[in-house]
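K.L.:
Protein chains: 2
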Amino acid sequence: MSEKDSKKDILDTATKLFVKHGKNGVSTCDIAHAAGVNKALIFYYYGSKEKLYAAAFKNLIQTFFYEIREKINNSEPGLPAIEVFIRNHITIIKENQNMMKMLVRELLLTENGQSFPLNESADIFKSLRYEMIKVLSDAREKGEIRYVDPVQTMVSIISLDVFYFLGKPLVQMINPTIDIEDFESNRVDHIIDLLMNGLRKDQE
Amino acid sequence: MSEKDSKKDILDTATKLFVKHGKNGVSTCDIAHAAGVNKALIFYYYGSKEKLYAAAFKNLIQTFFYEIREKINNSEPGLPAIEVFIRNHITIIKENQNMMKMLVRELLLTENGQSFPLNESADIFKSLRYEMIKVLSDAREKGEIRYVDPVQTMVSIISLDVFYFLGKPLVQMINPTIDIEDFESNRVDHIIDLLMNGLRKDQE
DNA sequence: GGTTAATTTAACCATTTGATAAAACACAGA
DNA sequence: TCTGTGTTTTATCAAATGGTTAAATTAACC
Chain A
0 MSEKDSKKDI
10 LDTATKLFVK
20 HGKNGVSTCD
30 IAHAAGVNKA
40 LIFYYYGSKE
50 KLYAAAFKNL
60 IQTFFYEIRE
70 KINNSEPGLP
80 AIEVFIRNHI
90 TIIKENQNMM
100 KMLVRELLLT
110 ENGQSFPLNE
120 SADIFKSLRY
130 EMIKVLSDAR
140 EKGEIRYVDP
150 VQTMVSIISL
160 DVFYFLGKPL
170 VQMINPTIDI
180 EDFESNRVDH
190 IIDLLMNGLR
200 KDQE
Chain B
0 MSEKDSKKDI
10 LDTATKLFVK
20 HGKNGVSTCD
30 IAHAAGVNKA
40 LIFYYYGSKE
50 KLYAAAFKNL
60 IQTFFYEIRE
70 KINNSEPGLP
80 AIEVFIRNHI
90 TIIKENQNMM
100 KMLVRELLLT
110 ENGQSFPLNE
120 SADIFKSLRY
130 EMIKVLSDAR
140 EKGEIRYVDP
150 VQTMVSIISL
160 DVFYFLGKPL
170 VQMINPTIDI
180 EDFESNRVDH
190 IIDLLMNGLR
200 KDQE
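Line by line, the protein sequences are chains A and B. Note that numbering that gives the first Met the number 0 numbers the first sequence so that position 76 is 75, with each residue one more than the last. Note that numbering that gives the first Met the number 0 numbers the second sequence so that position 96 is 95, with each residue one more than the last.
1) So which of A:Pro175, A:Gly166, A:Gly24, A:Met172 has the shortest CA-CA distance to methionine 99 (chain A)?
2) If you follow the alpha helix (DSSP H) that isoleucine 177 (chain B) is part of, which residue opens it and which one closes it?
3) Does the segment 122-139 of chain A come close enough to the segment 154-163 of chain B that 3 or more CB-CB pairs lie under 8 Å?
4) Give me the subset of the segment 112-128 of chain A whose CB atoms are less than 9 Å from a CB atom of chain B, sorted by chain position.
5) Could you check what DSSP says for glutamate 66 (chain A) in three-state terms: helix, strand or coil?
6) Only counting runs of 3 or more residues, tell me where the beta strand (DSSP E) segments fall wholly within the segment 97-146 of chain B, in order along the chain.
7) Let me confirm a value: leucine 78 (chain B) is counted as buried when at least 16 other C-beta atoms fall within 10 Å, else exposed. Which label applies?
8) From this set, A:Ser47, A:Asp8, A:Val18, which residue's C-alpha is nearest threonine 27 (chain A)'s C-alpha?
9) Phenylalanine 164 (chain A) to lysine 15 (chain A), Cα distance in whole Å?
10) For the candidate residues A:Asp8, A:Gly21, A:Lys200, A:Lys6, whose alpha-carbon lies nearest to that of leucine 102 (chain A)?
11) Expressed to the nearest angstrom, what Euclidean distance is found between the alpha-carbon atoms of leucine 127 (chain B) and arginine 104 (chain A)?
12) For glycine 197 (chain A), which of helix, strand or coil comes out of DSSP?
13) Give the straight-line distance between the Cα atoms of proline 149 (chain A) and arginine 68 (chain A), rounded to the nearest whole angstrom.
14) Count the C-beta pairs between the segment 52-59 of chain A and the segment 104-123 of chain A that are closer than 8 Å, then say yes if the count reaches three, no if not.
15) Considering serine 5 (chain A), what are the terminal residues of the alpha helix (DSSP H) in which it resides?
16) Determine the DSSP secondary structure at leucine 78 (chain B), reduced to helix, strand or coil.
17) Identify the contact partners of isoleucine 157 (chain A) in chain B, using a Cβ-Cβ distance below 8 Å as the criterion.
18) Against chain B, which members of the segment 130-151 of chain A pass a CB distance test of less than 9 Å?
19) Given this structure, state the Cα-to-Cα distance separating alanine 13 (chain B) from arginine 145 (chain A), to the nearest angstrom.
20) By how many angstroms is the C-alpha of methionine 131 (chain B) removed from the C-alpha of methionine 153 (chain B)?
21) Using a Cβ-Cβ cut-off of 9 Å, state whether isoleucine 177 (chain B) counts as contacting chain A.
22) Closest to tyrosine 43 (chain A) by CA distance: which of A:Ile9, A:Val25, A:Lys200, A:Asp29 is it?
23) Taking the C-alpha atoms as reference points, what is the distance between isoleucine 91 (chain B) and glutamate 66 (chain B)?
24) From glutamate 203 (chain B) to asparagine 196 (chain B), what distance separates their C-alpha atoms?
25) In three-state terms, what does DSSP make of asparagine 239 (chain B)?
26) Might you give, ordered along the chain, the residues of its own chain that have their beta carbon closer than 6 Å to the beta carbon of asparagine 95 (chain B), omitting 5 neighbours on each side?
27) Kindly indicate which residue of B:Val36, B:Asn23, B:Gly35 has the alpha-carbon position closest to the one of tyrosine 52 (chain B).
28) Only counting the same chain, and skipping five residues up and downstream in sequence, which positions put a Cβ closer than 8 Å to that of leucine 40 (chain A)?
29) Express the C-alpha separation of asparagine 118 (chain A) and leucine 106 (chain B) in angstroms, rounding to a whole number.
30) With 16 as the cutoff for other CB atoms within 10 Å, does tyrosine 45 (chain A) come out buried or exposed?
31) State the DSSP-derived secondary structure class of glycine 35 (chain A), mapped to helix, strand or coil.
32) For arginine 104 (chain A), which residues in chain B fall below 7 Å Cβ to Cβ?
33) Using the C-alpha atoms, what's the distance from lysine 141 (chain B) back to lysine 200 (chain B)?
34) My output table needs one value for serine 155 (chain A): the three-state DSSP class, helix, strand or coil.
35) Under a CB-based cut-off of 9 Å, is isoleucine 92 (chain A) close to chain B?
36) What number of angstroms, rounded off, separates the C-alpha of valine 18 (chain A) from the C-alpha of isoleucine 81 (chain A)?
Laid out in C-alpha cells, this is it:
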C-alpha cells in the first residue's frame with residue numbers, strides 16, 4: 000500500500016523546478032533531492048536531463064490544452080460568444096501561469112524557430128489555433144464583430160491575456176502604491192472593454 | 000594607439016551572450032573566450048558573474064530608455080498624438096528585441112517582486128511610466144480618446160507591442176504557410192487599428 | 001523457496017563551473 | 001633606472017555539473 004510512484008514524482012518535481020528557475024537554472028541533483036529520490040533514478044527513467052525537460056514541458060502544455068479546450072467551447076447564452084471566449088481564455092491563463100512562464104522561457108531559447116520541446120507539442124498548438132480562429136470567424140458571421148484578420152486578432156488576444164502575468168513584477172515596481180489585487184481583477188474587464196470596442200462593428 | 004578597452008569589450012560581449020542564452024546559459028569562460036580576454040579579467044573588472052550580468056542588464060535598459068524617450072515626444076502634426084506614440088513605441092520595441100528578451104527573462108526569474116538587476120534600473124522604469132501615462136492623459140484631454148484607466152491602458156499597449164516578438168516562433172510553427180514578413184508589417188497597422196477603435200470616443 | 005525482472009541505491013568519473021592568488025607586463029613620472 | 005600603478009596572464013582551486021556502472025533491494029511469479 001501507499002507505494003510511491005517515483006517516475007511521476009520526478010516529473011512533477013522537475014516541472015515545478017523548471018518552471019521556477021528555467022532549464023539551465025536547475026540541476027539533476029536539485030531535482031533528485033527535491034523529489035526525494037536518487038539522482039541515478041532520473042537517468043534510469045528519463046535518459047537525460049534534456050529528455051526530462053521535454054517531458055515536463057509536454058506534460059504542462061497538455062494539461063493546459065485539455066483545460067482550455069473544454070472551457071472555450073462552453074458558450075453561455077445571453078452574452079456574445081466572443082466575450083465569453085475572451086473571458087474564459089484569460090481565466091485559464093491566470094490559472095496556468097506556470098505553463099505560460101515555461102512556454103515563454105522556451106520561446107526565448109528558440110532560435111530559427113527550432114526547439115525540440117516546442118516541436119514535440121506542435122500538434123497541440125495547431126489544433127488550438129484552429130479552434131481559436133473558428134471562434135473568431137463565427138463571431139464575425141454572427142455579426143458580433145467587424146472583419147479583422149483572425150490570426151492577427153488571435154495574437155492580440157493572447158498578448159493582452161498573457162503579458163500582464165509576465166510584467167506583474169514590473170507593474171508593482173513602477174506603481175508602488177498600487178492595489179495589485181484590485182488592478183488584477185480590473186484587468187479582465189479592461190481587456191474585454193478594449194477588445195469589444197476595438198472589434199465591434201461600426202454603428203453609423 | 001588603438002588600445003583595446005577590455006572592460007567595455009567584456010561588457011558588450013557579455014550583453015550579447017546573455018541576451019541570446021540567458022544568465023544561466025552562459026559561462027564566464029564563454030564570455031572571456033568570445034571577448035578575446037582572459038577569464039580572470041572578468042573578475043578583475045566586474046567582481047562576479049552576477050555583477051557582470053547586472054551591469055549588462057542596466058546597460059541595455061539604459062540604451063533603450065534614451066532611445067524611447069527621444070522618439071516618444073516627437074509628435075508629428077496632422078495625426079493624433081496617441082497614434083504617433085503607439086507607432087513609435089512598437090518601432091522601438093521592434094528595434095530593441097534583444098533588450099525586450101533580456102527584460103522578460105529577468106521578469107521570469109523574479110520572485111516576490113525581488114530582482115537585483117531590475118531594482119537597479121527601477122528609476123529608469125519609473126520615469127518611463129510617467130511619460131507614457133502623460134501621453135495618455137494628454138490624449139484624453141484633447142479628446143482623442145475616451146476615458147480609460149491609464150495604467151491598464153499602458154500595460155495593454157506594451158502587451159500588444161511586445162508580445163508578438165516573443166511569440167513569433169509559435170506563430171510560424173502554427174501557421175506553416177504564413178508569409179512572416181507580411182504578417183509582421185501588417186502587425187503594426189493591426190495594433191493601431193485595434194487600439195484606436197478600442198480607445199476612441201463614442202460617436203453617438 | 002527459488003528465479004527472474006523491475007526498481008533503487010551508493011560510488012564513481014570526467015568536465016565545467018565560478019572564483020582566487022600571485023606573478024608578469026606595460027608604462028608612467030621621478 | 002627605479003618605483004609605483006593599473007592591466008593581463010598563468011596556474012590553481014574546490015564545488016558542482018551531467019552522466020555511468022554495478023551492486024543491492026524489492027516485488028512477483030512459479
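Using N, Cα and C, we set each Cβ at its ideal position, and we do this for glycine too. Please read all numbers here as calculations on a predicted model, not as lab measurements.
P.N.:
According to the structure shown:
1) Answer by Cα proximity: A:Gly166.
2) If you look at isoleucine 177 (chain B), you'll find it isn't in any alpha helix (DSSP H); DSSP assigns it neither H nor E.
3) Judged by Cβ distances under 8 Å, the segment 154-163 of chain B makes no contact with the segment 122-139 of chain A, as fewer than three pairs qualify.
4) Answer set for the segment 112-128 of chain A: Gly112, Gln113, Ser114, Leu117, Asn118, Ala121, Phe124, Lys125, Leu127, Arg128.
5) The DSSP-derived three-state label of glutamate 66 (chain A) is helix.
6) Correct list: empty.
7) So leucine 78 (chain B) ends up on the exposed side.
8) The shortest C-alpha separation from threonine 27 (chain A) is found at A:Ser47.
9) Taking the straight line joining both Cα atoms gives about 17 Å.
10) The shortest CA-to-CA distance from leucine 102 (chain A) to any of A:Asp8, A:Gly21, A:Lys200, A:Lys6 is the one to A:Gly21.
11) So the alpha carbons of these two residues sit roughly 26 Å apart.
12) In this structure, DSSP gives glycine 197 (chain A) a helical state, which the three-state scheme calls helix.
13) Between proline 149 (chain A) and arginine 68 (chain A), the C-alpha separation is close to 18 Å.
14) With a cut-off of 8 Å on Cβ pairs, the segment 52-59 of chain A is in contact with the segment 104-123 of chain A, counting three or more such pairs.
15) Serine 5 (chain A) -> alpha helix (DSSP H) spans 5-20.
16) Three-state DSSP puts leucine 78 (chain B) in coil, outside helix and strand.
17) By Cβ distance, chain B contributes Phe162, Gly166.
18) Among the residues of the segment 130-151 of chain A, those with a Cβ less than 9 Å away from any Cβ of chain B are Arg145, Val147, Asp148, Val150, Gln151, in the order of the chain.
19) For alanine 13 (chain B) and arginine 145 (chain A), the distance between alpha carbons rounds to 48 Å.
20) Approximately 7 Å between the Cα atoms of the pair.
21) It does; some Cβ of chain A falls within 9 Å.
22) Per the Cα distances, A:Ile9.
23) Approximately 8 Å, taken between the alpha carbons.
24) In this prediction, glutamate 203 (chain B) has a pLDDT of 46, which is less than 50 and means its spatial position is unreliable; nothing more can be read from the coordinates.
25) Chain B is shown from 0 up to 203; residue 239 (chain B) falls before or after that span and cannot be answered.
26) If we look at asparagine 95 (chain B) and ignore the five residues flanking it on each side, its Cβ neighbours are Phe63.
27) For tyrosine 52 (chain B), the nearest C-alpha among the options comes from B:Asn23.
28) For leucine 40 (chain A), same chain residues with a beta-carbon under 8 Å away, outside a window of 5 residues either side, are Ser5, Ile9, Ala31 in chain order.
29) Rounded to the nearest whole angstrom, the C-alpha separation of leucine 106 (chain B) and asparagine 118 (chain A) is 25 Å.
30) So tyrosine 45 (chain A) ends up on the buried side.
31) The answer is coil: DSSP assigns glycine 35 (chain A) none of H, G, I, E or B.
32) The answer, in chain order, is Leu107.
33) Distance between lysine 200 (chain B) and lysine 141 (chain B), taken at the CA atoms: about 11 Å.
34) Collapsing the DSSP output to three states places serine 155 (chain A) in a helix.
35) With 9 Å as the cut-off, isoleucine 92 (chain A) does not count as an interface residue toward chain B.
36) Using only the alpha carbons, I get a separation of about 31 Å.
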